[in-house]
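**Student:** Just dropping this structure here.
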Amino acid sequence: MIRKRKILIRGIGITALVAGALLFSNQVIDSKAQRLNLTAGVTEHWDDGHGNLVRDPQTDLPTYITFNDGRYDGKPVWEQLHENKFLWYSIAEPDRTKRNNANTDMLRMVENRVPRANTDYWKLVDPQWNQNVKLGSMEPGFNSKDKYRGDNSGTTVMTGDKYFGKHYEFRYLGYASNGQPIENPYFPSDYPAETVSDWNPERLNWIPEPWLYFTTPSPFDDDSMFPKKVDFFEKYFFKQNPSFRRSWLPIRKDAEYWAKMFTLHNDPSRSTGVLTGWHKTASGRIYYASFIMATPPQSNLRLIDLQIKDKETGKLVAQQTINESNDADNEKKINIVEPHVEAGKTYTITAKVKNMIVPDLQGKDTKHQPIRLYQAYKVDDDVRTYDYTFPPVENVYPTNQVTTIKYGGTVDFSKQKNAAGNEVQWEFTVPKTAKKEVMFEAGIDYGFYLAGENIYQDDDFAELRLKIKPEDIGVSSDAVLINQNGKPVQDVVPFQTYSLRFFVEKVTGKLQVGDPNDPSNPYATVEVTVSDKKTSRTLKGVAKEVLTPEGKRVAIDVPNAITPSTSIIEATWQLAQLHRDNGQSTIFTNDGPYSNIWASDINISVNNFKIKPSSFMLPAGQNATTETLSFDFDIMNQNVENQDKDIDVVIKKGGQVIWSDTVYVPANRVYTMPPVTVSGVNLGSGENAFSVEVNPTPRKWFEFLKDGSNPYVDNIAYNSVMVHPNQPANECLILNNENTWTTTHYIREWHGYKEYWTHCTDNGCHQHSYCVTTSDESWTETIDYYERYTISAVMFRSKLTKDQAIRDGANPNDPNVGWVNIVNGKPGQVKAGYGFEIKYIVKYQTNTFSASPKPWSATCSGKTVNPRHGSRVDAPDTIQVTMPFNDKSGQPVKYNLNSPSESGRWDNLTQTYEMPYHNAFNMKNTREVFINETAKDGNYPIRIDTYPFFYGSYDKPQTAKYLCDYKIVRIQILGSDIDDVKSHITQ
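At position 91 of the sequence shown the residue is numbered 137 (the working numbering), and the sequence of numbers has no breaks.
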């Protein structure tokens, strides 16, 4: 049934109104201006939109209205109780299960698209785009900035392309039942006051009976309707606008006064009332403002409780509740007890619906039947859209059969009808394919709204969004390379076939991965790309066993994955995409891809490059020399094939080749090159640079390091020879009898074994061997080194020292009786006319051999040390002794002593020098030095100098400081004090 009702209101055009919280406008209306006009033609309807009568036209409000001018294509504009406070008719889809972005876009409302003259309105989203959309909401009933709720606080969600998802506020959200646009009470004023105290509309100079001047009277402005109009002001106006109520007047008299000040555009008992008044300022300017009245109370059903429980345990998983005692409190409270639900698991659901007690409403029991709820579910990507994975079905019924929901009463729901029409427990099984989340939704049957028994709909439903407990498998970042003998290896031998092994784990969840009878549940699969840096291939590996329970790990073998032509294998692997597609993998961070390189170092290196001698002293008057040099160095030929190689070697002085040869070097051993002697090497004063290089360009042998570094860096080593200008003196001019230094050694030690394999070609099969490395370590050792070259003792013996020793108890027959060390001690004593014996003890000591780490090599194992210390040093075999007497020319007598006796190894060498033999008095050959019987008493010095140009160890850093030592000892003559020391050795 359709009853048409046409209302004509002439006067101001509603589109000219500018709303605020109290709908106040700063629009100026000149008293002589043409009257504004409002014409609204609508038809009211009491059916469900399909011709089925659902409300009583005599007692109930219309279900919807349509505009007679064809606006909105003649489609229904539905009754809406916005925010459970304001009643109007809205173009938004009322059935929430049918809503989408298009049919909830309030920008479609004609009045929201009308341009306005001013663009300086407060809080516009974009003044140039639209003057009817603002950034947030205002507290209804207020017109000041201090009552602004903040940006993005609007009561409407933007669903158009522009500003999608933002919570903004539109100027209009609905129409009165007569088609009058109702200004949104939450819309901020265009020109708000700063604070509440700044806006007092009740104090303005309102113009009585404005319909006589500014607008055509509405039906409620007619004298015959005036008493009814006063009733509306008394019942609805003061409730919404309490500042207008003057307490000293009777309410009826106060209502009559304000009814004369405002024109009423619609029936406030049928929808939120809208009224407009005009006021004059002291300057004579006229403004108008619009206000709303309180909304008449409406029936309301509320879904006050929805619970989801684990069917197996009965434990609560999640719950939504709304206040069941206060209809104005529509806040939804959600309690998530378990943050996850499991794919494939069943959950039970219960709900409660209450017929709410609404203040000032003469409530009724419901009449609409059947009493039921709808249920709907969204999974994964559908959760954040209007789309349903499982569309709404109205098949949820009360626990106990009822035919009405009594006013103030509650009904429990726990049953659903199955496909056969039987009532069973209300439950839902989460799909096995669910990956991220699921939305449980239930709501009150839309029929109650159509029947006018449940106008406010935002508390009709519950939505509980729960994460899916991850059903996840992950592939390990570890992989194993397996040779054709089935052994895990790290090294790669060209032309040997290798397999790969990967590992997949059930990270979380209870569903098994792999079912031979279910193609949608495949076994764990990895996708692999394998390469030898020349060619690559893509493969798949599939597990052979079921992957469950949580924490289980399975190995996936890819047999015969590659036969490399190089010593490099690179594999990149990841979990197969199909596991993401079917929900078996939901944590993508452990799916890969991962990569690994297996490779063998193929490297030729040279180190411990030594040159002997390392320094020279030029003859007097020369600045260059030609010498013979000896070169020592180590060569390492490292390769997993255990291949001996003929390697080119060159030695250069600067850029000039002075020696080259091809050397046969065994595999995986430290090969110490026999000394290379090169004669006729021209050396200039200063440092002369030399280098030795193995496998020089153009390189005969390919090299590779698995860490990616340059394998040819260690093919060359450097050293130098120092040539010093002539220093004619044989004395130790600068005392330097000790050198100390610190060396950091870089050490690598590996262990392995030889393995054999057969390689077949068109020419037949051949057996090969290669080294399998079981351990390979590198480290450094820093060691303090020293070398010392010292005159450690000067031994002296005379008749006086012998006699003293015998008196002290020495054996007179001991051939060593009477020797005393006169270094740093008292002088050696001798009587004039007697002789004395003297020996000079020189020591060279170093720890370069004993303290240094030692390299070694064996089949497939070895140790390298770089630099290597401990090369032999040959100490000088000469010293100079200066006596305290002169030769015939008046120069001090000097002895150059050679050929000492030696004891100890080269690094702890003791040399003993003695005076040369001579014939004394034609009586005997002796080493004694005799004192003239006329020599005066006194102390006489003897100076001993070592060879002044002894370089010492070649292992220390290059230095210009030579090792040398000198000592001055004294002999004391006790006897005649008148004779000089004899000027020559008595023969």
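Ideal Cβ positions, reconstructed from N, Cα and C, are used throughout, including at glycine.
1. Rounded to the nearest angstrom, what separates residue 380 and residue 497 at their Cα positions?
2. With the cut-off set at 8 Å, would you say residue 812 and residue 805 are in Cβ contact?
3. If we count Cβ pairs, one from each stretch, closer than 8 Å, do we get three or more for the region 145-163 versus the region 200-209?
4. Roughly how many whole angstroms lie between the Cα atoms of residue 257 and residue 263?
5. Could you give the C-beta distance for residue 183 and residue 238, rounded to a whole number, given that I count them as a contact under 8 Å?
6. Assuming residue 919 and residue 940 make a contact with CB atoms under 8 Å, what is their CB distance in whole Å?
7. Looking only at its chain, what residues have a beta carbon closer than 7 Å to the beta carbon of residue 942, apart from the 5 residues adjacent to it on each side?
8. Quick check: the Cα distance between residue 649 and residue 756, rounded to an integer number of angstroms?
9. Can you tell which of 882, 816 and 181 has the C-alpha that lies nearest to the C-alpha of residue 847?
10. Between which residues of its own chain and residue 341 is the CB-CB distance below 7 Å, once the five residues before and five after are set aside?
11. Rounded to the nearest angstrom, what separates residue 26 and residue 335 at their Cα positions?
12. Can you tell me whether DSSP reads residue 596 as helix, strand or coil?
13. Taking only the alpha-carbon atoms, compute the straight-line gap between residue 602 and residue 592 and give it to the nearest angstrom.
14. Using DSSP's beta-bridge definition, name the partner residues of residue 202.
15. Would you kindly work out how many angstroms separate the C-alpha atoms of residue 824 and residue 618, rounded to a whole number?
16. Rounded to the nearest angstrom, how far is the Cβ of residue 713 from that of residue 669, given a contact under 8 Å?
17. Can you confirm whether the region 971-980 touches the region 744-758 when touching is taken to mean that 3 or more C-beta pairs between the two stretches lie within less than 8 Å?
18. Just checking, does the region 595-612 make contact with the region 558-577 on the three C-beta pairs under 8 Å criterion?
19. Pick helix, strand or coil for residue 408, following the three-state DSSP scheme.
20. What do you get for residue 582, buried or exposed, if any count of 16 or more other CB atoms within 10 angstroms of its CB means buried?
21. DSSP state of residue 663, grouped into three classes?
22. Could you tell me if residue 96 is buried or exposed, where buried requires 16 or more neighbouring beta carbons within 10 angstroms of its beta carbon?
23. Straight-line CA distance for residue 1017 to residue 988?
24. Give me the residue from 209, 210 and 215 with the minimum Cα distance to residue 196.
25. Of all the beta strand (DSSP E) runs that stay within the bounds of the region 300-337, which reach a length of 3 or more residues?
26. By Cβ distance below 6 Å, which residues in the same chain neighbour residue 730 in space, the five residues on each side in sequence not counted?
27. Let me know the secondary structure DSSP gives residue 731 once reduced to three states.
28. By how many angstroms is the C-alpha of residue 233 removed from the C-alpha of residue 494?
29. Just the C-alpha distance for residue 884 and residue 874, rounded to the nearest angstrom, thanks.
30. If I measure Cβ to Cβ from residue 857 and keep anything under 8 Å in the same chain, skipping five residues before and after, which residues do I get?
31. Anyone know if the C-beta pair for residue 631 and residue 541 falls short of 8 Å?
32. Whole angstroms is fine: what's the gap from residue 85's alpha carbon to residue 414's?
33. Grab the span of the alpha helix (DSSP H) containing residue 276 for me, first residue to last.
34. Residue range of the alpha helix (DSSP H) that residue 625 falls in?
35. Taking the runs of the beta strand (DSSP E) that are 3 residues or longer, which of them lie wholly in the region 550-599?
36. Using 8 Å as the threshold, is the region 824-836 in touch with the region 992-1007, meaning 3 or more CB pairs across them?
**Tutor:** Straight from the coordinates:
1. 29 Å
2. yes
3. yes
4. 5 Å
5. Not really, about 13 Å apart at Cβ, beyond 8 Å.
6. Their Cβ separation, rounded to whole angstroms, is 27 Å, which puts residue 919 and residue 940 out of contact at 8 Å.
7. 924 and 926
8. 10 Å
9. 882
10. 131, 132, 133 and 318
11. What is shown of the chain runs 47 to 1033, which leaves residue 26 out entirely.
12. coil
13. 12 Å
14. 214
15. 28 Å
16. 47 Å between Cβ atoms; not a contact.
17. no
18. yes
19. coil
20. exposed
21. strand
22. exposed
23. 8 Å
24. 215
25. 320-326
26. 670
27. coil
28. 30 Å
29. 9 Å
30. 863
31. no
32. Because residue 85 carries a pLDDT of 45, less than 50, the predicted location of this residue cannot be relied on, and the following value inherits that uncertainty. Computed Cα separation, rounded: 37 Å.
33. 272-278
34. 623-627
35. 571-577 and 582-588
36. yes
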